[in-house]
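Count along the sequence shown from 1, then add 118; that gives the number in my numbering.
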Amino acid sequence: MPTIDASAIQILIEIVESYKARSVQVYFVRLREQPYSLFKKSKLLDLIGLDHLFSKVSEAIEVIEQDTNKRHMG
Numbered sequence: 119m120p121t122i123d124a125s126a127i128q129i130l131i132e133i134v135e136s137y138k139a140r141s142v143q144v145y146f147v148r149l150r151e152q153p154y155s156l157f158k159k160s161k162l163l164d165l166i167g168l169d170h171l172f173s174k175v176s177e178a179i180e181v182i183e184q185d186t187n188k189r190h191m192g
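So this is what it looks like as structure tokens:
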């Protein structure tokens, strides 16, 4: 089972903050229990948002396409 440690979480926080500063959206798919727990504990989950977590790649792609279309049309 994939695991993640505190230093990896800190790196992810820095990456996500950097992307958000440039208006780049970040999505995660199939986040397992242990990483999810650390995402939540570290507040990385708050930074990403529950609406950017998906159980299937196809679901993430669908939402990304919808969001992209909204930005280009609106």
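For every residue, glycine included, the Cβ atom is placed at its ideal position computed from N, Cα and C.
Problem set entry | Selection from E135, V142, K159 that minimises the alpha carbon distance to T186 | V142
For this session: Could you say which of D123, E180, S136 lies nearest to I166 if we only look at CA atoms?
Result: S136
Exercise. Hey, S160 and I127 are a contact pair by Cβ (cut 8 Å); roughly how many whole angstroms apart?
Worked result: 5 Å
Exercise. Any Cβ of chain D within less than 8 Å of the Cβ of R140?
Worked result: The displayed structure is made up of one protein chain only, and chain D is not part of it.
Exercise. What did DSSP end up calling L163 once you bin it into helix, strand or coil?
Worked result: helix
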